[in-house]
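Count along the sequence shown starting at 1, add 139, and that's the number in my numbering. Glycine residues also receive a C-beta, built at the ideal position from the N, C-alpha and C atoms.
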Amino acid sequence: MEWPARSPDLNPIEHLWDYLGREVAALNPIPRSLHELKQGLLCVWSSLPIPVSDNLINSMGNRCRQCIQVRGGHIPY
């Protein structure tokens with residue numbers, strides 16, 4: 140299949156960045172410096188639940204099928 144020009148739905152790293160961003164934003168206390176932000180991101184990354192990454196990987200087949208059905212258009216992911 141040809142890769143659609145703008146395809147964040149087929150790029151699992153985009154969904155992973157979204158997850159990490161939401162988790163970092165929910166940190167308490169809120170990071171107040173670049174160093175604290177880096178430490179928070181490392182903490183969130185190191186505690187990434189295996190089911191989150193498994194879900195991203197396992198959903199790729201369905202994402203590709205849906206993308207083919209809509210001829211490269213937007214899919215609801």
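Report task. For the alpha helix (DSSP H) containing P190, list its first residue and its last residue. Result -> Within the sequence shown, residue 190 is the residue found at index 51, counting from 1. From DSSP, the alpha helix (DSSP H) with P190 extends over I189 to N197.
Requested in this report: Quick one: using the 10 Å Cβ neighbour count with 16 as the cut-off for buried, is R202 buried or exposed?
Outcome: Working through the sequence shown from its first residue, we reach residue 202 at position 63. So R202 counts as buried.
Query raised in the report: Can we say the segment 175-186 touches the segment 154-163, given the rule of at least three CB pairs closer than 8 angstroms?
Result: yes
Query - 7 angstroms CB neighbourhood of V191 in its chain, flanking five on each side removed - result: Looking up residue 191 in the sequence shown gives position 52. Closer than 7 angstroms at the Cβ level, and outside the excluded window around V191, lie Y158.
Requested in this report: Locate the alpha helix (DSSP H) running through C161, then write down its first and last residues.
Outcome: The residue labelled residue 161 in the question sits at position 22 within the sequence shown. Sequence check: residue 161 is Arg here, not Cys. First-last of the alpha helix (DSSP H) with R161: P151 to A164.
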